[in-house]
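2 protein chains.
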Amino acid sequence: MSDARPDPHRTPDADAIALAQDILGHARDAVLSVLDAEGWPMASRVALQAGRDGCPLAMLSDLALHTAALRADPRAALLIDAAPPEDGRGMTLNRPRLSLQVKAQLLAAREAEGQRRLWVERDPKAAIYIRLADFRLWRLEPRGGLLNAGFGRAYRLTAADLSR
Amino acid sequence: MSDARPDPHRTPDADAIALAQDILGHARDAVLSVLDAEGWPMASRVALQAGRDGCPLAMLSDLALHTAALRADPRAALLIDAAPPEDGRGMTLNRPRLSLQVKAQLLAAREAEGQRRLWVERDPKAAIYIRLADFRLWRLEPRGGLLNAGFGRAYRLTAADLSR
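Protein chains in written order, with our numbering: chain A, 1397 to 1560; chain B, 1397 to 1560.
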């Protein structure tokens, strides 16, 4: 997130890092932004969970445009909202959220097997699509990002802040 | 959304176009994806509503990284989820959504005034930030997009499908 201006974002304290890791740990979906063949952004909602090492993993169909885009250019971004409150009330805009810049890589088959088991344990309904031949796990390695923890409370995160 | 493969998306019928316009008409926020100075995608959640002519408008702070990015490169994308059901239940991933590619332009002052009134009528809490000097309205003109109306039901939309 290069920018020539002074950085208006705070350095995260322990509470901010804990909140960022909590949002990531509870994530079940996210908005994935990729680049099309012209370099124009393209956004879609995808199934996403943190892997065993805390790195975001996305379950993507080989038939989707975003997957073709990632094969051509692995540079991507994620927007992950905190889970809604139990009663489902309140505006999404008021919920904490993570904005990450990530580099995408298809997960090797031997690693994907264990991650798929963990994925279905956390989200049993995913069993419906996880065994379809065109769905594969992608590792989305953060290079950094921002935590928006409320109006005027934004923190700049490093890759190290997000790993555990 | 250029792609050399055969297009797996349907041409929208009247119901699909009505659903797309309904999602846009009820939108109060969206995920905005822009390009940073390196051309890497960057995603954030922003306040968004349809303007009087149906075109998406975003209320952006001049202090935000995404606004600096749009001033440097107006190519952007939006992901707009349908409003959640009354009880707030169900996974976001199962809700219909719009994925649009848009070109951003700062709204002229004379046009912004009327749009601001409509904005606060629809979202009274927006009165808190709408009068802050650094918040401005941006027009996000669609060049096309996709409607995801459920698993396996995806439609390709033209700019004309989204205007009214």
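The beta carbon of each residue, even a glycine, is placed where N, CA and C say it ideally should be.
Small disclaimer: the values here were computed from a predicted structure and weren't measured.
Check: For chain A, is any of its Cβ atoms less than 8 angstroms away from the one on residue 1497 of chain B?
Finding: yes
Next item on the list: Taking residue 1428 of chain A as the reference, give the member of A:1434, A:1523, A:1467 and A:1440 with the closest Cα.
Entry: A:1440
Next item on the list: Would you check whether the ligand SAH has a heavy atom nearer than 7 angstroms to the C-beta of residue 1503 of chain A?
Entry: This structure simply doesn't include the ligand SAH, nor any ligand for that matter.
Next item on the list: Take residue 1408 of chain B and list the residues in its own chain whose beta-carbon comes closer than 8 angstroms to its own, dropping the five residues that flank it on each side.
Entry: 1416, 1543, 1551, 1552, 1553 and 1557
Next item on the list: Keeping to the same chain, check which residues put their C-beta closer than 7 angstroms to that of residue 1458 of chain A; ignore five residues upstream and five downstream.
Entry: 1530 and 1532
Check: So is residue 1487 of chain B buried or exposed if we call it buried at 16+ other beta carbons inside 10 Å?
Finding: exposed
Margin query: Please classify residue 1505 of chain A as buried or exposed, where buried requires at least 16 neighbouring CB atoms within 10 angstroms.
Written below: exposed
Notebook entry, point to check: Any idea if residue 1452 of chain B is buried or exposed, counting beta-carbon neighbours within 10 angstroms, 16 or more meaning buried?
Noted result: buried
Next item on the list: Could you tell me whether the Cβ atoms of residue 1492 of chain B and residue 1546 of chain B are closer together than 8 angstroms?
Entry: yes
Next item on the list: For residue 1425 of chain A, count neighbouring Cβ atoms within 10 angstroms of its own Cβ and tell me buried if that reaches 16, exposed if not.
Entry: buried
Margin query: Let me confirm a value: residue 1398 of chain A is counted as buried when at least 16 other C-beta atoms fall within 10 Å, else exposed. Which label applies?
Written below: Note that residue 1398 of chain A has pLDDT 46, beneath the 50 cutoff, so the model's placement of it is unreliable and the number below is only indicative. By the neighbour-count rule (16 or more Cβ atoms within 10 Å), residue 1398 of chain A is not buried but exposed.
Item checked: Beta-carbon proximity check, residue 1500 of chain A vs residue 1472 of chain A, cutoff 8 angstroms -> yes
Notebook entry, point to check: According to DSSP, which residues form a beta bridge with residue 1544 of chain A?
Noted result: A:1493 and A:1550
Check: Name the residues in the region 1463-1480 of chain B whose C-beta lies less than 8 angstroms from a C-beta of chain A; which are they?
Finding: 1464, 1471, 1472, 1473, 1474, 1475, 1477 and 1480
Checklist line | Among B:1465, B:1418 and B:1405, the one whose alpha carbon lies nearest that of residue 1433 of chain B | finding: B:1465
Notebook entry, point to check: With burial defined as no fewer than 16 other Cβ atoms inside 10 Å of the residue's Cβ, what is the status of residue 1449 of chain A: buried or exposed?
Noted result: exposed
Notebook entry, point to check: When the Cα of residue 1445 of chain B is compared with those of B:1435, B:1549 and B:1522, which residue comes out closest?
Noted result: B:1522
Checklist line | Buried or exposed (CB count within 10 angstroms, at least 16 for buried), residue 1483 of chain A | finding: exposed
Next item on the list: Consider the Cβ of residue 1420 of chain B: report whether some Cβ of chain A lies at a distance smaller than 8 angstroms.
Entry: no
Next item on the list: Can you pull the chain B residues whose beta carbon is under 7 angstroms from the beta carbon of residue 1493 of chain A, in chain order?
Entry: 1441
Notebook entry, point to check: Among all the DSSP beta bridges, which residues are the ones paired with residue 1477 of chain B?
Noted result: B:1493
Item checked: First and last residue of the uninterrupted alpha helix (DSSP H) at residue 1418 of chain B -> 1410-1422
Notebook entry, point to check: So, is residue 1387 of chain B buried or exposed, given that buried needs 16 or more other C-beta atoms within 10 angstroms?
Noted result: Because chain B in this structure spans residues 1397 to 1560, residue 1387 of chain B falls outside the shown range and cannot be described.
Notebook entry, point to check: chain B partners of residue 1424 of chain A, CB-CB under 9 angstroms?
Noted result: 1487, 1488 and 1489
Check: Considering only residues of the same chain and omitting the five flanking positions on each side of residue 1404 of chain A, which have a CB-CB separation below 8 angstroms?
Finding: 1550
Next item on the list: Determine the DSSP secondary structure at residue 1561 of chain B, reduced to helix, strand or coil.
Entry: Outside the displayed span of chain B (1397 to 1560) sits residue 1561 of chain B, for which this structure offers no information.
Next item on the list: Whole angstroms is fine: what's the gap from residue 1535 of chain B's alpha carbon to residue 1447 of chain B's?
Entry: 8 angstroms
Next item on the list: Inspect the beta-carbon positions of residue 1494 of chain A and residue 1419 of chain A and report whether they are closer than 8 angstroms.
Entry: yes
Item checked: Continuous alpha helix (DSSP H) stretch holding residue 1461 of chain A: start and end -> 1461-1468
Note to self: Once the 5 residues before and after residue 1503 of chain B are set aside, which same chain residues still bring their CB inside 6 angstroms of it?
What the structure shows: 1533 and 1535
Check: Where does residue 1512 of chain B land, buried or exposed, given buried means 16+ other C-beta within 10 angstroms?
Finding: buried
Margin query: Looking at chain B, is there any beta carbon in it that lies within less than 8 angstroms of the beta carbon of residue 1431 of chain A?
Written below: yes
Next item on the list: Report yes if the C-beta distance between residue 1455 of chain B and residue 1468 of chain B is below 8 angstroms; otherwise report no.
Entry: no
Next item on the list: With a threshold of 16 other CB atoms inside 10 Å of the CB of residue 1462 of chain A, please say whether the residue is buried or exposed.
Entry: buried
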